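Structure, as structure tokens:
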Amino acid sequence: MFRVRRTGVVAALLLAALAGSPGSTQAQQNTAGPARSAELASAADADDPGGLPAGWSLTGAGAARQLVWRSDRPVPISDAGVAFYSGNRFLGRPVGTPDGRSFRLAVGPAPIGDPSGLQARTGERRLDAAGAGQNRPAGPDAPEGRPGLSARPSARPPVNAVDPGKPGSYRTATGDYKLPSVRLPGLAERVEMRAVVVAPTDAPGHRPLALFLHGRHTTCYGGDGSGGEWPCPTGSRPVPSYRGYLADQKLLASQGYVTVSIAANGINGQDYAAEDGGAQARSSLVRQHLARWAGWADRPDSAPPIVRRTAGADLSRVLLVGHSRGGEGVNRAAMDSLDPAPADQDGYHGPVRWHIRGTVLIGPTIFGQNPAPDVPSATILPGCDGDVSDLQGQMYLDATRGVGRGAALHSAVHMIGANHNFFNSEWTPGQAQAPAEDDFWSGDERDRVCSPGTATRLTARQQQAAGATYIAAAARLFVAGDDRVRPLLDGSGRRAPSAGPARVLTHAVGGRRTPAFLPDGRVSVDGGRLCDEVTEVVSAACLGSGRNGVSPHFAPWAASPEPGRRAVALRWTAAGSPVRIRSARPVSVARSRALALRLIVPPNTRDNRFDIRLTDTAGHRATLGSVRLDGLPGTDRTASYWGQEVRLPLAGAIRAGVDTHRLKALEIVPRTRSGQAWLVDSWGWRAGTPTVRAADLVRVDIGRLTVEEGDAGARTYHVPVTVTGHGKGTVRLFVADPDTGRTTSREIIVRPGDPAPDVTVEVRGNTRFGYDVSHDVFAKAVHGAVVGTYRGGVTAHNDDPMPAFQVTPASARAAEGGKLTWRIGLSAPADVDMQSDIALVRVTGGAALSTTDVDPQWLRNMSGKEPLPSRPLSQVSGFFLFAGIPAGRTSTEFTIPTVRDRLAEPEETVRLRLTVYDETGRPHAGPEFTGTVHDPA
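What follows is the structure in structure tokens.
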């Protein structure tokens, strides 16, 4: 728990900035301003004038308004990073300072909701205060006393024909290599080129290569290093995160793969301010290593010893495995290998001498929701992920629909009871060299699904065995082309004995699927409703307010609402009430053997039964069959609203005369008395894994232009947008206006060689100190395109000096029962609220003002402590005072109320020191001042 106490007076001043501001905000990775719809911006909403929680402040006005949270100690480094919420409403991901204590989110004029509901989280863990009510079962129909009803299925799935988790017959060798470090764009310090290799020693010929990239974790331990420093301070050592996948590597190596796991602490220690969370830097590092391996294939004598004494690598068969932010990094590396990034953003400029056959993404982030659509992928979604707890990696499937050729199989592997960290042994207590912890934090209450020891939670060893099995399954399918393992990944409902007791569910898009009834397309719905996956309009949302738990399919992005993301919501109160999804154009599934649907049912529910019907354009109708689904086990801390794949053969419909070339409608008929469900999508399905050929896609990258605001006048700037690649494509462009809080969006067609999309920004100058103002632009692929750098814009940099702080008098005096009063002033007014912390310093000479000398209620408000036993104020732990000067003003008063004790005492002194914060949130030492209390005359 991280707390900073603030005075009630300052809270009241800051709340004035909250009242009456129109709009709302949705901002994703770090520096974004508000991103929201023009319709919402005009709504007559306002913030609730409640009290700000401890540690929170609002500063600035209009476009420069920022939400700030300060911690009294460094926030542990994580993959998800810090996110701000108002209740359960996601506000955005703030920019952190290097010391990990201060976080700022540009919100502009948008309201934040009830200020008392502000929260800082990393994953599912509350940082700023203890979370409450964290263990309610998820789902509106979950019986309060019967959580986790679907913890164990009634029957285990059938065993798959082959088990990829069985070790192979090859002998292996293990060794490290260390190469000269490299410089990567945007990072001040060089990044290490270090890796551990596990490879077969007796396998014939050149062998496929599997490269592993770990995620964002603590960089250093021991001595003075305990967080995200880079390079590690003297006396500390780098956390060996890159050695956390040795078991996975050894399994693959025994099966004939050359494996290498690379270190990325140098990125983890510097990506706190990267606009893309470090994705491009990680991609550059991956390709730097691949280039070395390509060179060693040409000149084996130049390779490190471990590479020379093991099997040679075949760079035409490469599998990339990434964990957490490493997942986003290897996805970007796959994209960059097909469609190069802009040279000024990239850290590798050589030839691409490798072919990436597929990726495995373990609990990954995907802040840009920009997957590589034509590279097969398997995404492991840990059901008890306490870091990337929204399971946003689902977008590696859902965001590929309609973008590329559609032949690449994209699989989701939902592993019930797995957490985030334990896939890496160096992040696992009892296995790691450095301190490690379970990322799923149980807090003061036991979670009924994910706390250790529950029936659904996997042990570290069980989780690691299951993870290794599914990594090997992806390697065998994507690289070796063994279609016999596909049923483990594509929703066919098979299990691998090597995965042990882990309950694993899968579904997929792509492969040999044919689009059928997709809610994103031109469809209408009777008996249910088309719902928006990302919106702030409760009546339009797929999951409305007040619902416990979230859905990975509805993971928020950089803007809300987001057009083009829909599902079909079903709610019924009587069995037999059909929901019809009609297509505006005839749908063909003539080459398919079955109809596949991805259906969500509420967590912890049982025996949800549905009949599925098809109708053709001539009116012929047939019932394909019935399906039965149990909800996933979940609580309000899990993302358990997840689509399960069901399939129904089409043979019966064909025999009944339904023309599968010209389908008109899909009907879902509930057979239970009441309930809810959501249709994610439906596809024509047939077995097999097609050959994947990358499409000629257009690539779009949004750049960032930083300009000086100037002293007067207005200047117009153009957002840098780069269009490369081949052919033509469609992207959706979002433009956020920091002055109004509105975001507008439109679809545009892009072609290399055509003029780039023109987005202009007007910047007005002034001579008063303020914060930088970001005019943000976001891009998302729709069809025939990929997006590399998904966000950018124009940042107007404050070029005016920060006013100096001064305190008068330097030494205040008051009689017992009176108030010590100081005026904290500025040398000039500013356009933003100027904030300062006030620390109590030990008195070195004479008597010190104590806890029994001041107003007891003031002491409780400021520190949470009681006056007795009496002790100097400077010895009270957790005692933080705060003073803020509102924008446009030049001073404020700070007081300490005292009490009269009727004892004859010497004069007592309190000593204080001001700490002020600049526009980046970095602290600077301010003036020191004192106060003296004497007996009444």
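Last residue of the sequence shown? That's 1413 in our numbering, and every number before it is there in order. Every residue, glycine too, gets a C-beta built ideally from N, C-alpha and C. In this text, all values refer to a predicted model and were calculated from it rather than measured experimentally.
Close-in-space but distant-in-sequence residues of the same chain around Ala1232 (CB under 6 angstroms, 5 per side omitted):
Position 756 of the sequence shown holds residue 1232. Same-chain partners within the cutoff: Val1197, Val1199.
Quick one: grab the DSSP three-state call for Glu668.
The count along the sequence shown starts at 1 and reaches residue 668 at position 192. The answer is strand: DSSP assigns Glu668 an E or B state.
Is DSSP giving Ile832 helix, strand or coil here?
Here the question's residue 832 lines up with position 356 in the sequence shown. Correct three-state label for Ile832: strand.
Let me check one thing: in DSSP terms, what residues is Met891 bridge-paired to?
Along the sequence shown, one-based indexing puts residue 891 at 415. Its beta-bridge partners are Pro858, Val980.
Proximity of Arg422 and Glu1223 at Cβ, strictly below 8 angstroms:
With the chain represented from 477 up to 1413, any question about residue 422 goes unanswered, as that position is not in the structure.
Take Asp774 and list the residues in its own chain whose beta-carbon comes closer than 6 angstroms to its own, dropping the five residues that flank it on each side.
Here residue 774 refers to the residue found at position 298 when the sequence shown is read from its first residue. If we look at Asp774 and ignore the five residues flanking it on each side, it has no Cβ neighbours.
Those runs of the beta strand (DSSP E) which lie wholly inside the segment 983-1059 and span at least 3 residues
999-1002, 1005-1008, 1042-1048, all fully within the segment 983-1059.
Alpha carbon to alpha carbon, what distance is there between Asp1252 and Thr1220?
The residue labelled residue 1220 in the question sits at position 744 within the sequence shown. The residue labelled residue 1252 in the question sits at position 776 within the sequence shown. Approximately 11 angstroms between the Cα atoms of the pair.
Quickly, what does DSSP pair Arg970 with across the bridge? List them, please.
Position 494 of the sequence shown, counted from the first residue, corresponds to residue 970. Answer is none; Arg970 lacks a bridge partner.
By DSSP, does Leu516 sit in helix, in strand, or in coil?
Residue 516 sits at position 40 when you count from the first residue of the sequence shown. Here Leu516 scores only 27 on pLDDT, less than 50, and its place in the model is too uncertain to base an answer on.
Euclidean distance between Cα positions of Val889 and Ala984
Within the sequence shown, the letter at position 413 stands for residue 889. Within the sequence shown, the letter at position 508 stands for residue 984. Straight-line spacing of the CA atoms in Val889 and Ala984 works out to 9 angstroms.
Nearest by alpha-carbon distance to Arg436: which of Ala787, Gly1229, Gln845 is it?
Given a span of 477 to 1413 for the chain in the structure shown, any question on residue 436 remains unanswerable.
Run of the alpha helix (DSSP H) containing Gln1152, from where it starts to where it stops:
Stepping through the sequence shown from its first residue, residue 1152 is reached at position 676. Premise fails: Gln1152 lies in the beta strand (DSSP E), 1151-1161, not in any alpha helix (DSSP H).
Could you check the C-alpha separation between Met1310 and Pro1214 for me, to the nearest Å?
Locating residue 1310 in the sequence shown gives position 834, where the first residue counts as 1. Locating residue 1214 in the sequence shown gives position 738, where the first residue counts as 1. For Met1310 and Pro1214, the distance between alpha carbons rounds to 20 angstroms.
Would Pro991 pass as a contact of Arg1069 if the rule is Cβ separation under 8 angstroms?
Counted from its first residue, the sequence shown places residue 991 at position 515. Counted from its first residue, the sequence shown places residue 1069 at position 593. For Pro991 and Arg1069, no; Cβs fall outside 8 angstroms.
What does a CB cutoff of less than 7 angstroms around Val1263 pick up in its chain, not counting 5 residues either side in sequence?
If you number the sequence shown from 1, residue 1263 lands on position 787. Same-chain partners within the cutoff: Gly844, Asn846, Val1176, Val1207, Ala1255, Lys1256, Ala1257.
Compute the beta-carbon to beta-carbon distance between Tyr748 and Gly704, rounded to the nearest angstrom, for a pair I have assumed lies under 8 angstroms.
Mapped onto the sequence shown, residue 748 falls at position 272. Mapped onto the sequence shown, residue 704 falls at position 228. Confirmed, Cβ separation roughly 7 angstroms.
Quick check on the burial criterion: 16 or more other C-beta atoms within 10 angstroms. Buried or exposed for Ser1303?
One-based indexing of the sequence shown puts residue 1303 at position 827. Exposed: under 16 other Cβ atoms inside 10 Å.
Would you list the residues sitting across from Thr1193 in a DSSP beta bridge?
Numbered from 1 along the sequence shown, position 717 holds the residue referred to as residue 1193. Residue 1193 is actually Tyr in this sequence, not Thr. In DSSP, Tyr1193 forms a bridge with Val1237.
For Trp532, write down the residues that DSSP places opposite it in a beta bridge.
Indexing the sequence shown from 1 puts residue 532 at position 56. Its beta-bridge partners are Trp545.
Cβ pair count under 8 angstroms reaching 3, the segment 893-904 against the segment 961-975
Counting Cβ pairs under 8 angstroms, fewer than three are found: no touch.
Nearest-angstrom Cα distance between Ile1225 and Pro1166?
Taking the sequence shown and counting its residues from 1, one reaches residue 1225 at position 749. Taking the sequence shown and counting its residues from 1, one reaches residue 1166 at position 690. Note on geometry: alpha-carbon atoms of Ile1225 and Pro1166 lie some 29 angstroms from one another.
By DSSP, does Thr1220 sit in helix, in strand, or in coil?
Against the sequence shown, residue 1220 aligns to sequence position 744. In this structure, DSSP gives Thr1220 an extended state, which the three-state scheme calls strand.
Considering only their Cβ atoms, is the gap separating His825 from Ala671 smaller than 8 angstroms?
In the sequence shown, counting from the first residue as 1, residue 671 sits at position 195. In the sequence shown, counting from the first residue as 1, residue 825 sits at position 349. Contact: no.
Would you say Trp1118 touches the ligand FAD, meaning its beta carbon is less than 7 angstroms from a heavy atom?
As far as ligands go, the structure on display features none, and thus does not contain the ligand FAD.
CA-CA distance, His1259 and Gly880?
Locating residue 1259 in the sequence shown gives position 783, where the first residue counts as 1. Locating residue 880 in the sequence shown gives position 404, where the first residue counts as 1. Cα to Cα, the separation comes out at about 7 angstroms.
Tell me the residue span of the beta strand (DSSP E) that contains Arg597.
The count along the sequence shown starts at 1 and reaches residue 597 at position 121. Per DSSP, Arg597 belongs to the beta strand (DSSP E) from 594-598.
Below 8 angstroms, can you find three or more Cβ-Cβ pairs linking the segment 832-841 to the segment 779-799?
As far as the Cβ criterion goes, the segment 832-841 touches the segment 779-799, which means the pair count is three or higher.
Tell me which same chain residues have a C-beta within less than 7 angstroms of the C-beta of Ala1153, skipping the five on either side of it?
Counting from one through the sequence shown, the residue named residue 1153 turns up at place 677. Cβ neighbours of Ala1153 beyond the five flanking positions: Leu1046, Leu1075, Ile1076, Val1077, Asn1084.
So, Arg1041 versus Glu1012, is the Cβ gap smaller than 8 angstroms?
The sequence position of residue 1041 within the sequence shown is 565, counting from 1. The sequence position of residue 1012 within the sequence shown is 536, counting from 1. The answer is no: Cβ separation not under 8 angstroms.
Would you report the Cα separation of Ser901 and Pro1028, rounded to the nearest angstrom?
Residue mapping note: residue 901 aligns to position 425 of the sequence shown, counting from 1. Residue mapping note: residue 1028 aligns to position 552 of the sequence shown, counting from 1. Going by the C-alpha atoms only, they are around 26 angstroms apart.
Can you tell me which of the three DSSP states Arg763 falls into?
Mapped onto the sequence shown, residue 763 falls at position 287. Here Arg763 sits in helix by DSSP.
Considering only the alpha carbon of each residue, which of Arg647, Asn636, Asp996, Gly1151 lies closest to Ala679?
Counting from one through the sequence shown, the residue named residue 679 turns up at place 203. Nearest of Arg647, Asn636, Asp996, Gly1151 to Ala679, Cα basis: Arg647.
With the cut-off set at 8 angstroms, would you say Phe1245 and Pro1403 are in Cβ contact?
In the sequence shown, the residue the question calls residue 1245 occupies position 769. In the sequence shown, the residue the question calls residue 1403 occupies position 927. It is not a contact, given that the beta carbons lie outside the stated cut-off.
What is the residue span of the alpha helix (DSSP H) that Gln938 lies within?
By one-based count along the sequence shown, residue 938 stands at place 462. For Gln938, the enclosing alpha helix (DSSP H) begins and ends at 936-950.
Nearest candidate by alpha-carbon position, reference Gly593, set Leu528, Val864, Thr535, Pro1348
Taking the sequence shown and counting its residues from 1, one reaches residue 593 at position 117. In terms of CA proximity to Gly593, Leu528 leads the group Leu528, Val864, Thr535, Pro1348.
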